[in-house]
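In what follows, a single structure is set out as structure tokens and then discussed.
There are 2 protein chains.
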Amino acid sequence: MTAKALPGFRDFPPHDLALRAYIFAAWRRVATRYGFEEYDGPPLEPLDLYTSKSGDEIVGQLYNFVDKGDRPVALRPEMTPTLARMVAERANGLKKPIRWFSIPQLFRYERQQRGRLREHFQLNCDLIGEAGALADAEIIALAIDVMREFGLGAKDIRVRVSDRRALTALLQARGVTADGMYAAYQFIDKLERMSPADLERHRTTPQPYAPATADDLIAVAGLRGLSQVESAVAMLPDGAAAVAPLTETLAALDAMGLSDWIEIDFTIVRGLAYYTGTVFELFDAGKTLRAICGGGRYDTLLQSLGGVDLPALGFGMGDVVLGELLKDRGLRPEPPSAIDCFVAAVTPEDQPHVLRIAHQLRDAGIRVEYAFGQTAVGKQLKIADARGARLAVVVGPDDRATGTAQLKDLQGSTQEAVAIDALAARCHELLAG
Amino acid sequence: MTAKALPGFRDFPPHDLALRAYIFAAWRRVATRYGFEEYDGPPLEPLDLYTSKSGDEIVGQLYNFVDKGDRPVALRPEMTPTLARMVAERANGLKKPIRWFSIPQLFRYERQQRGRLREHFQLNCDLIGEAGALADAEIIALAIDVMREFGLGAKDIRVRVSDRRALTALLQARGVTADGMYAAYQFIDKLERMSPADLERHRTTPQPYAPATADDLIAVAGLRGLSQVESAVAMLPDGAAAVAPLTETLAALDAMGLSDWIEIDFTIVRGLAYYTGTVFELFDAGKTLRAICGGGRYDTLLQSLGGVDLPALGFGMGDVVLGELLKDRGLRPEPPSAIDCFVAAVTPEDQPHVLRIAHQLRDAGIRVEYAFGQTAVGKQLKIADARGARLAVVVGPDDRATGTAQLKDLQGSTQEAVAIDALAARCHELLAG
Chain A
6 MTAKALPGFR DFPPHDLALR AYIFAAWRRV ATRYGFEEYD GPPLEPLDLY TSKSGDEIVG
66 QLYNFVDKGD RPVALRPEMT PTLARMVAER ANGLKKPIRW FSIPQLFRYE RQQRGRLREH
126 FQLNCDLIGE AGALADAEII ALAIDVMREF GLGAKDIRVR VSDRRALTAL LQARGVTADG
186 MYAAYQFIDK LERMSPADLE RHRTTPQPYA PATADDLIAV AGLRGLSQVE SAVAMLPDGA
246 AAVAPLTETL AALDAMGLSD WIEIDFTIVR GLAYYTGTVF ELFDAGKTLR AICGGGRYDT
306 LLQSLGGVDL PALGFGMGDV VLGELLKDRG LRPEPPSAID CFVAAVTPED QPHVLRIAHQ
366 LRDAGIRVEY AFGQTAVGKQ LKIADARGAR LAVVVGPDDR ATGTAQLKDL QGSTQEAVAI
426 DALAARCHEL LAG
Chain B
6 MTAKALPGFR DFPPHDLALR AYIFAAWRRV ATRYGFEEYD GPPLEPLDLY TSKSGDEIVG
66 QLYNFVDKGD RPVALRPEMT PTLARMVAER ANGLKKPIRW FSIPQLFRYE RQQRGRLREH
126 FQLNCDLIGE AGALADAEII ALAIDVMREF GLGAKDIRVR VSDRRALTAL LQARGVTADG
186 MYAAYQFIDK LERMSPADLE RHRTTPQPYA PATADDLIAV AGLRGLSQVE SAVAMLPDGA
246 AAVAPLTETL AALDAMGLSD WIEIDFTIVR GLAYYTGTVF ELFDAGKTLR AICGGGRYDT
306 LLQSLGGVDL PALGFGMGDV VLGELLKDRG LRPEPPSAID CFVAAVTPED QPHVLRIAHQ
366 LRDAGIRVEY AFGQTAVGKQ LKIADARGAR LAVVVGPDDR ATGTAQLKDL QGSTQEAVAI
426 DALAARCHEL LAG
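Listed below in structure tokens is the structure:
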């Protein structure tokens with residue numbers, strides 16, 4: 006037998022699955038409060054679903070192969086192409102805006118770096134069919150409320166927001182042409198991690214974003230706060246239109262009481278070419294971890310994927326960085342106990358009653374175990390303790406004669422005789438208390 | 006863009022995902038009541054995890070390939086090898102018995118038959134480290150309680166139970182040797198679906214289970230009910246020991262009040278060679294569908310997989326046949342409404358208040374939407390209706406002046422003015438009512 010999972014893949018024994026389940030449950034609660042409905046697609050898809058969007062170079066990062074029916078296929082590296090297909094197939098029957106979320110497991114074959122995973126789970130929230138800035142505020146607010154659901158505050162997390170429309174207007178004013186725009190985005194995107202030597206190279210060799218210079222781009226990327234951006238854009242011919250969505254988005258977030266979380270920060274570009282408007286990333290305030298969440302508006306992507314022509318925006322939030330953050334901050338909850346109640350037999354003759362009572366309590370929604378073998382009551386109570394049971398029910402010959410059982414509160418160290426028919430209700434009372 | 010998912014793979018738009026989520030939630034509730042803890046493993050595993058158990062012939066049914074690091078890998082076709090690995094890695098640190106469940110998506114490349122899927126989700130419950138018959142009863146009771154959780158009763162579902170120990174003793178008594186035993190199991194397993202020609206061939210040509218005849222096997226497979234089995238086994242030298250676990254299992258299920266569900270039926274063998282004791286399958290009473298669930302005791306499997314030497318038993322229950330059954334019986338629930346409450350603005354100036362109120366209600370756990378554009382209140386209430394909202398909050402200039410909002414119960418057609426700070430509590434009251 007293979008002793009281990011594949012490198013980059015995680016086993017989830019119960020202790021680890023408990024954290025994953027805690028994260029997924031919070032994701033679902035918050036997305037649902039925003040009216041988002043959950044969907045899913047296959048983890049294995051036709052390869053061309055990805056190459057048609059990202060070109061053949063993405064194949065180097067895919068788990069791709071040819072299946073036994075000679076179909077080129079790949080494990081999904083992202084959810085958006087699947088979403089685009091599903092929406093395109095049903096576009097006419099769906100009320101707009103469409104609010105859909107999913108929690109797919111995604112796969113990328115990356116050259117193994119220390120501790121780098123090849124799979125992760127990701128909350129994907131997408132809002133399709135609405136071009137207005139209130140939708141941008143809605144998506145950013147949803148991401149923030151997920152952080153709040155985990156007990157994180159504006160002091161822990163920074164939401165760095167930019168807007169491709171305002172950024173593009175400012176870059177054009179500095180001389181960047183349409184052909185050089187993507188190179189300018191890439192430069193700004195890499196700026197925070199760029200070595201002095203690379204920066205020097207940008208300053209001294211011809212660049213596709215010329216006649217703008219590296220220092221022009223640095224000046225634009227250095228804009229902070231809405232007032233700086235509004236001032237910079239105000240001087241441009243179409244400046245008012247270019248900055249209006251960002252202004253409106255921030256006003257809406259302010260009305261929701263969330264403006265404390267926001268930093269306007271024009272170094273945020275997000276490398277992907279397909280964003281068309283608002284872009285944002287969530288980071289821990291100390292920036293010790295990679296981005297927790299990233300997203301933005303991609304009004305032309307669905308159509309370019311061969312789907313419907315609908316404006317859209319969304320974000321992805323992975324489980325790995327988030328899990329690290331929760332551990333770092335002491336916000337990882339204790340895994341729940343395995344059971345609520347242990348039912349113990351005093352003599353072998355009590356065993357059928359134990360089975361009856363256990364089944365009755367389980368029917369009432371209580372998590373119950375009992376010993377499979379004959380052992381002393383004291384030993385059974387030790388098992389109860391090891392499994393984290395709050396309650397124990399002990400059944401002996403005297404109890405059977407009177408139709409009762411002894412109910413112990415292992416936390417309060419109290420004991421009472423309870424009629425068997427009343428046991429479930431009394432257990433619920435104690436568990437709620 | 007590819008217009009469709011791969012053949013045999015399902016998209017889950019929200020309406021379909023709602024059924025899947027309903028099934029998963031019921032699975033989790035019942036497993037948890039039995040003290041089972043959830044685990045998961047990677048959907049992609051080293052290929053030899055499967056070939057070491059099932060031999061190379063299984064490769065024809067796998068989604069297998071060589072990854073970019075030259076590792077032979079496969080999408081998981083079943084969960085037990087992953088479970089065996091995970092338990093083996095942690096065996097010393099785990100209290101026995103181990104009660105673990107998982108809901109993996111499993112993959113098999115089967116030659117496409119009409120409507121046959123190549124992926125499905127499966128509830129896997131396994132109880133490891135307990136050899137006694139109470140564990141067998143526990144696992145069967147868990148499977149039955151899952152059926153009860155879906156509203157199915159003993160009249161809808163039959164639990165057909167056999168025991169390899171009693172079956173083997175009876176077959177040995179008819180002359181089947183150790184070498185011929187697997188062929189005898191296979192014959193009995195196929196008996197219900199066997200053509201008259203095949204049966205005739207078994208009667209007229211030499212078979213590995215000789216000197217036993219096909220009619221000997223048919224006689225054993227025809228045993229029904231515990232008393233028939235006990236009578237047949239009583240005549241054998243080790244008969245008492247061979248039938249004791251089955252008798253004890255049934256007594257325990259009787260104590261739990263579940264004996265109505267059980268049919269002792271010695272045609273149930275389950276094809277897999279690795280079962281060692283109790284085997285069982287759940288069918289719809291009309292036998293119109295394939296098996297809903299199958300399982301049994303496999304005391305030697307974990308060790309043969311290179312893992313730990315622990316007795317174990319478990320079952321698998323797929324989502325596909327179960328989903329069909331729920332639809333057939335009208336037990337598929339209506340998908341939940343998308344939202345609880347729609348917040349509407351009377352004038353454009355009311356929009357910031359809508360945002361504030363919406364966010365406040367969402368913080369209180371209420372599922373809320375509002376319109377992104379400016380439209381008449383009547384049209385906003387139509388959106389509320391289309392999204393299944395029970396409540397609507399309407400904010401106009403007069404309300405703003407008094408710090409209130411109009412709360413409409415769209416079901417009861419009532420309306421009341423509520424102070425904004427009291428809205429969330431009042432919404433909860435109406436939603437609970």
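Protein sequences, first through last, are from chains A and B. Numbering follows the working numbering, in which position 80 of the first sequence is assigned residue number 85; successive positions increment by one, without gaps. Numbering follows the working numbering, in which position 106 of the second sequence is assigned residue number 111; successive positions increment by one, without gaps. For glycine and all other residues, C-beta sits at the position ideal for the given N, C-alpha and C.
Original post:
Does the Cβ-Cβ distance between A:Tyr68 and A:Leu80 come in under 7 Å?
Top reply: yes
Original post:
Is A:Val248 closer than 7 Å to A:Ala171 when the C-beta atoms are compared?
Top reply: yes
**OP:** Can you grab the Cα-Cα spacing for the pair A:Pro242 / A:Thr37, in whole Å?
**Re:** 42 Å
Original post:
From the DSSP output, which residues share a beta bridge with B:Cys346?
Top reply: B:Val373, B:Leu396
Original post:
When the Cβ atoms of the region 117-136 of chain B are set against those of the region 256-276 of chain B, are three or more pairs found closer than 8 Å?
Top reply: no
Original post:
The alpha helix (DSSP H) spanning A:Arg38 covers which residue range?
Top reply: 19-38
Original post:
Can you list the alpha helix (DSSP H) stretches of 4 or more residues lying completely in the region 120-190 of chain A, in chain order?
Top reply: 138-154, 169-178
**OP:** Compare the C-beta of B:Phe347 against all C-beta atoms of chain D and say whether one is closer than 7 Å.
**Re:** Among the chains of the structure shown, chain D does not appear; the protein chains present are A and B.
**OP:** Return the residues of the region 99-116 of chain A that lie within a Cβ-Cβ distance of less than 8 Å from chain B, sorted by chain order.
**Re:** Lys100, Pro102, Arg104, Trp105, Gln110, Phe112, Tyr114
Subject >> Continuous alpha helix (DSSP H) stretch holding A:Asp16: start and end >> reply: It is not in any alpha helix (DSSP H) - A:Asp16 carries neither H nor E in the DSSP assignment.
Original post:
If you measure from the beta carbon of B:Ala389 to each beta carbon in chain A, is any gap under 7 Å?
Top reply: no
Subject >> Three CB pairs or more closer than 8 Å across the region 396-408 of chain B and the region 349-363 of chain B >> reply: yes
**OP:** Excluding the 5 residues preceding and the 5 following A:Leu231 in the sequence, name in chain order all residues of the same chain whose CB lies nearer than 8 Å to its CB.
**Re:** Leu251, Thr252, Leu255, Ile269
Original post:
Since A:Pro250 is in the beta strand (DSSP E), which residue starts that stretch and which ends it?
Top reply: Run containing A:Pro250: none in the beta strand (DSSP E); it sits in the alpha helix (DSSP H), 244-260.
**OP:** Would you mind stating whether A:Ala443 and A:His207 have Cβ atoms separated by less than 7 Å?
**Re:** Past the edges of chain A, shown from 6 to 438, lies residue 443 of chain A, and the structure says nothing about it.
**OP:** Using a Cβ-Cβ cut-off of less than 8 Å, list which residues of the region 325-352 of chain B approach chain A; keep chain order.
**Re:** Ala343, Ile344
**OP:** Could you tell me whether the Cβ atoms of A:Asp324 and B:Phe17 are closer together than 7 Å?
**Re:** no
Original post:
From what residue to what residue does the alpha helix (DSSP H) around B:Ala226 run?
Top reply: 219-226
Subject >> chain A contact for B:Glu83 (CB, 7 Å cutoff) >> reply: no
Subject >> Sub-7 Å separation of A:Ala159 and A:Asp265 beta-carbons >> reply: yes
**OP:** Quick one: grab the DSSP three-state call for A:Pro77.
**Re:** strand
**OP:** Tell me, please, which residues DSSP counts as bridged to B:Asp289.
**Re:** B:Ile162
**OP:** Measure from the C-beta of B:Lys73 to each C-beta in chain A and report whether the shortest distance is under 7 Å.
**Re:** yes
Original post:
For chain A, is any of its Cβ atoms less than 7 Å away from the one on B:Asp16?
Top reply: yes
Original post:
Can you find a C-beta in chain A that's less than 7 Å from the C-beta of B:Arg121?
Top reply: no
Subject >> Inter-residue spacing [alpha-carbon to alpha-carbon] between B:Leu196 and A:Glu124 >> reply: 44 Å
Original post:
So B:Glu205 is in the beta strand (DSSP E); what residue range does that whole segment cover?
Top reply: No beta strand (DSSP E) holds B:Glu205; the alpha helix (DSSP H) holding it covers 201-209.
**OP:** Within its chain, find whatever has a CB closer than 8 Å to the CB of B:Asp390; leave out the 5 residues flanking it on each side and keep chain order.
**Re:** Leu415
**OP:** Determine the chain A residues that contact B:Met240 at a beta-carbon separation under 8 Å, and present them in chain order.
**Re:** Simply none; closest approach about 29 Å.
Subject >> the region 310-323 of chain A / the region 288-302 of chain A touching (three or more Cβ pairs under 8 Å) >> reply: yes
Original post:
What do you get for A:Asp289, buried or exposed, if any count of 16 or more other CB atoms within 10 angstroms of its CB means buried?
Top reply: buried
Original post:
What residues of chain B sit near A:Thr37, judged by a beta carbon separation below 8 Å?
Top reply: Arg372
Original post:
Do you know how far the Cα of A:Val71 is from the Cα of B:Leu122?
Top reply: 18 Å
**OP:** Closer than 9 Å by beta-carbon distance: list the chain A residues that pair up with B:Ala257, in chain order.
**Re:** Gln356, Pro357, Leu360
Original post:
Taking C-alpha atoms, which residue in B:Gly60, B:Arg104, B:Phe126, B:Arg76 lies nearest to B:Glu83?
Top reply: B:Phe126
Original post:
Would you call B:Leu360 buried or exposed, if buried means 16 or more other Cβ atoms sit within 10 Å of its Cβ?
Top reply: buried
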